[in-house]
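A short write-up of the structure that comes next.
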Amino acid sequence: MARLESLLVFLSSFLSFVWALGGAIPEMEEAMQIQREQLARFSSFLGPTAQSQSHTKRQSTMTFSNPAAEAFLVDGTTIPDVNFDAGPSWAGLLPISGDPDETRKLFFWFWPTTNASNTKDLIFWTNGGPGCSSLEGFLQENGPISWSWGQAEPTPNPFAWNQLAHMIWVEQPVGTGFSQGTPNITNDDELAAQLVGFFGQFLEIFHELKGNDLWLTGESYAGFYVPRIANFIYENPDLLDLSLQGIYIADPSLTYGVVQEDIPALRFANQNVFPFNSSFMAQLQAASDACGYTDYLDQFITYPPAGPIPFPVGVPEGSTSASAQCRLSLNPVFNIYRVTDTFPNLWSVLGFPRSTQEFIYFNRTDVQDAIHAPHINWEICASKSVYAAGGDKSVASMLTAAGANISTLGNVIEKSVRTVVAHGLADMILIAEGTRIAIQNMTWGGLQGFQTPIEPESFVVDSPVAGVQGVYGNTHTERGLTYIEFYYSGHMTPQFVPWAAFSAISFLLGKQDSPSSG
Ligand SMILES: *[C@@H]1O[C@H](CO)[C@@H](O)[C@H](O)[C@H]1NC(C)=O
Ligand SMILES: *[C@@H]1O[C@H](CO)[C@@H](O)[C@H](O)[C@H]1NC(C)=O
Ligand SMILES: *[C@@H]1O[C@H](CO)[C@@H](O)[C@H](O)[C@H]1NC(C)=O
Ligand SMILES: *[C@@H]1O[C@H](CO)[C@@H](O)[C@H](O)[C@H]1NC(C)=O
Ligand SMILES: *[C@@H]1O[C@H](CO)[C@@H](O)[C@H](O)[C@H]1NC(C)=O
Ligand SMILES: *[C@@H]1O[C@H](CO)[C@@H](O)[C@H](O)[C@H]1NC(C)=O
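Mind the numbering: the sequence shown is residues -20 to -1, 1 to 498 in mature numbering (1 follows the signal peptide of the UniProt record, and there is no 0), read in order.
So this is what it looks like as C-alpha cells:
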C-alpha cells in the first residue's frame, strides 16, 4: 500500500512537471517541430497549389505548323483529376510506317520543354518490362504531372525532365499499353526498327523537331532496349532525322541474372535493411558460401579488373536469393523495388507494384479521351509477351555476342557524347553491386572496366528546387561512361530521388560538367 501511494505521488508530481511545460513532453514538442518543418518543406517541394495558380493559360515553347498536329493537342487544363494547368502537350497513336495498311501503332505523349532555351534537345523515355508502359514513368517518375504512391491527388512535379528538354514518352514495343498491333518481333534490333519507323511518322507531323539532338533514356529492361535502339540508330544514320547524342539507363538489366541478382544478394541483405534473425542469417551465409558468392566480389571486382570475370564455380542454374516467403513474413508490405518500404501499403493509381488502388488512371475512359487514347483495357505491364514466341533473343547489352568484338553498350559508349548508367541502392529487383560487376567485365575505349575505384560519397546534389543538399551517392566517369549510384532510392530512381535523377540528366545533356550539382 505504501508503495502504491509513493508511486501515485511520483506520478502526480511527474504529471504536474509535464503540465508546467504547457502540457507537452519535451521530445513530443521537438517531434512536432520536426513535423512542422517537414510540412513546410513539402509544401514547397510539391509546388504551387491549384488555388495559387495564375489564371493565364500556360503557353508552349513550340508550335507546330502541320494542321495534322491539332488532332493530338492535349489541353493541360482538362486532364481528369489534375487540378492545375499542366500546359499544352500532344498525345496519340502513330503508325510505325507510312504504309496506309499499317496496323502497328505506338502511343506517345510529347511535352515541349518549359524552358525556351532548351528547344534543341529531345529526350525519349521508355520503361522496361518487357512490355511495361512508359506512362508509368510519365505519371510517377519524371513527367510534369506527378501522381505517385500514396499521393491523394496529382501535383506538379518540380523535377520534371521537360524543364531540361522536350520529352517524349512512348509506349513501345507493339503490345505495350495503348499501342496497337500484334507483337511479332524476336529481338531488340527489330524493336529499334519499329521505334525508328514511328519517329519517321512523328517527325512528318511535328517536323519542327527534325534535326534536334536526341537522348535516349529508360529504366529496368530498357537496359536491353535503349542500347539496342542507340546502336541501331548509329548503324543506320540515314533512317532518322534526329541527331543521337547519348543515352541514360537506370537500374538496367545488363547481363546475366546471376550477376545482377544473386551474387550480390548477401552483401545487400547485410547492409542492415533486413532485420533477419540470426538463424536465418546463418542460413543465408551458408547458401552464399556454397554458391561461391561470398568472396567473389572481393576477389574479382577490382579496379582495374585482372581479366575476364569468371562465373562462380558450380553456380546452380536458376538459383535465387532470399526467398519471398522469408521477406514477407517479416514485412508484409515488402517491396522488392524499394526494400526500405514498411507499413502502410501505399496505393498507386497505376495499380503497380501496389494493388490497393480504387481505379487505374489510364484505364478510365475520361482519361483516355483527354489524351486521344483508344478505349481499351490499359495494363501497366502487358500480360501477353511483346515478343513472338520464344521471347527476346537479344544478347544483354554489356555482354559481347558470339562473333562480335564489342558489346552493344561498349559500341554505343564509343559513339556517344556521354553515356550514363545509374542505379538505386535500395533496389533489389536488380542490385547495384551486380551492375558494378557487369561494368568491370565490359570492354570499351580499348580497356576493360573502370581503371580506378569508385570514390564513395562522390555524388553530391545541391538542388535549388527542394533545398536538398548533400551527398546522394557515388559516381565515377571513365572513357565516356558515367556510373552513378543513388542513396535512398529503389528501382524507380526519378520517383524516389527526383533531384538526384534531375541532376544526372542535366549532366547527360551537357548542362553541367559532372553529375554532381553541389
Ligand atoms: C533555361 O535553360 C538555360 C539553358 O540551359 C539555363 O541557363 C536557364 O537557367 C534555364 N532557366 C530556368 C528558369 O531554369
Ligand atoms: C511482323 O508482321 C508484319 C505485318 O503485320 C510484317 O510486315 C513484319 O515483317 C513482321 N515482322 C517480323 C519480324 O516477322
Ligand atoms: C565476363 O565476360 C566474359 C567474356 O565476355 C564472359 O565469358 C563471362 O561470362 C563474363 N562473366 C560474367 C560474370 O558475366
Ligand atoms: C528466423 O527467421 C526465419 C525466416 O523468417 C523463420 O523461418 C524462423 O522461424 C525464425 N526463427 C526464429 C527463432 O524466430
Ligand atoms: C479496365 O476498364 C474496363 C472497363 O472499361 C474494365 O472492364 C476492366 O476490368 C478494367 N481493368 C482493370 C484492371 O481495372
Ligand atoms: C570490330 O569489328 C568491326 C566490324 O564488325 C570493325 O570495324 C572494328 O575495327 C573492330 N574493332 C576492333 C577493335 O577490332
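Glycine included, each C-beta is placed from N, C-alpha and C at the ideal position.
This one's a predicted model, so the numbers in the text were calculated from it and none came from an experiment.
Nearest-angstrom Cα distance between residue i and residue j?
| i | j | result |
| --- | --- | --- |
| D55 | L115 | 17 angstroms |
| A270 | V293 | 10 angstroms |
| R344 | W358 | 9 angstroms |
| F314 | T83 | 41 angstroms |
| N421 | K373 | 21 angstroms |
| S438 | R416 | 16 angstroms |
| E465 | I360 | 26 angstroms |
| L488 | R398 | 6 angstroms |
| L183 | T41 | 17 angstroms |
| I409 | T36 | 44 angstroms |
| A4 | M261 | With a pLDDT of only 47 at A4, under 50, the local geometry of the prediction cannot be trusted, and no value is derived from it. |
| N63 | T57 | 8 angstroms |
| I243 | E133 | 40 angstroms |
| P495 | F179 | 29 angstroms |
| P433 | D61 | 48 angstroms |
| V392 | R459 | 12 angstroms |
| V176 | N257 | 52 angstroms |
| S486 | V440 | 14 angstroms |
| G111 | P75 | 18 angstroms |
| Y452 | G109 | 27 angstroms |
| F430 | L310 | 38 angstroms |
How about residue i and residue j: are their beta carbons less than 8 angstroms apart?
| i | j | result |
| --- | --- | --- |
| L144 | T99 | no |
| F118 | W89 | yes |
| E103 | W141 | With the sequence shown as reference, residue 103 is identified as Ile, and Glu is not the correct amino acid for it. A contact, by the Cβ cut-off of 8 angstroms. |
| A230 | H355 | no |
| S200 | H471 | yes |
| P198 | A362 | Rather than Pro, the amino acid found at residue 198 in this sequence is Gly. No, they are not a contact pair. |
| L246 | Q265 | yes |
| S113 | E151 | yes |
| P153 | Q174 | yes |
| F158 | F87 | yes |
Looking only at its chain, what residues have a beta carbon closer than 6 angstroms to the beta carbon of residue i, apart from the 5 residues adjacent to it on each side?
| i | result |
| --- | --- |
| I351 | V54, A71 |
| F482 | F139 |
| I185 | N46, A48, A49 |
| A(-1) | With a pLDDT of only 39 at A(-1), under 50, the local geometry of the prediction cannot be trusted, and no value is derived from it. |
| V401 | I229, Y463 |
| A412 | H403, L405, E465 |
| D442 | Q449, S497, G498 |
Exposed or buried, residue i, counting other C-beta atoms within 10 Å across all chains shown (16 or more means buried)?
| i | result |
| --- | --- |
| G371 | exposed |
| H382 | For clarity, residue 382 is Ala in the given sequence; the question names His instead. Burial call: exposed. |
| T106 | buried |
| F212 | buried |
| S303 | Note on S303: pLDDT 48, under 50, position unreliable in the model; the coordinate value appears next. Result: exposed. |
| F323 | exposed |
| E215 | exposed |
| V253 | exposed |
| S97 | exposed |
| Q39 | exposed |
| K85 | buried |
Is residue i close to ligand 3? I mean its beta-carbon at under 7 angstroms from any heavy atom of the ligand.
| i | result |
| --- | --- |
| Y273 | no |
| L330 | no |
| L379 | yes |
Do residue i and ligand 4 come close, with the Cβ less than 7 angstroms from some heavy atom?
| i | result |
| --- | --- |
| F254 | no |
| S259 | yes |
| L246 | no |
| L194 | no |
| L310 | yes |
Excluding the five sequence neighbours on either side, which residues of its own chain have a C-beta within less than 8 angstroms of the C-beta of residue i, listed in chain order?
| i | result |
| --- | --- |
| G2 | Residue confidence for G2 is low, a pLDDT of 41 falling below 50, so the modelled location carries little weight; the figure read from the coordinates is stated next. Hits under 8 angstroms: none found. |
Should residue i be counted as a contact of ligand 1 given a C-beta to heavy atom distance under 7 angstroms?
| i | result |
| --- | --- |
| S97 | yes |
| Q143 | yes |
| K100 | no |
| K491 | yes |
Does any heavy atom of ligand 7 sit closer than 7 angstroms to the C-beta of residue i?
| i | result |
| --- | --- |
| N107 | This structure does not include ligand 7; its bound ligands are ligand 1, ligand 2, ligand 3, ligand 4, ligand 5 and ligand 6. |
Compare the C-beta of residue i with all C-beta atoms of chain D and state if any pair is closer than 8 angstroms.
| i | result |
| --- | --- |
| D346 | As a matter of chain content, chain D is missing from the structure shown, which is built from one protein chain. |
Which same chain residues end up closer than 7 angstroms to residue i when comparing Cβ atoms and leaving out the 5 residues on each side of it in sequence?
| i | result |
| --- | --- |
| Q475 | Q120, E121, S128 |
| L194 | L102, F104, L222, S223, L224, Q225 |
| F204 | D168, S233, D372, S374, A376, S377 |
Compute every distance between the C-beta of residue i and the non-hydrogen atoms of ligand 2, then say whether any falls below 7 angstroms.
| i | result |
| --- | --- |
| T156 | no |
Please find out if some non-hydrogen atom of ligand 5 comes closer than 7 angstroms to the beta-carbon of residue i.
| i | result |
| --- | --- |
| I340 | yes |
| N357 | yes |
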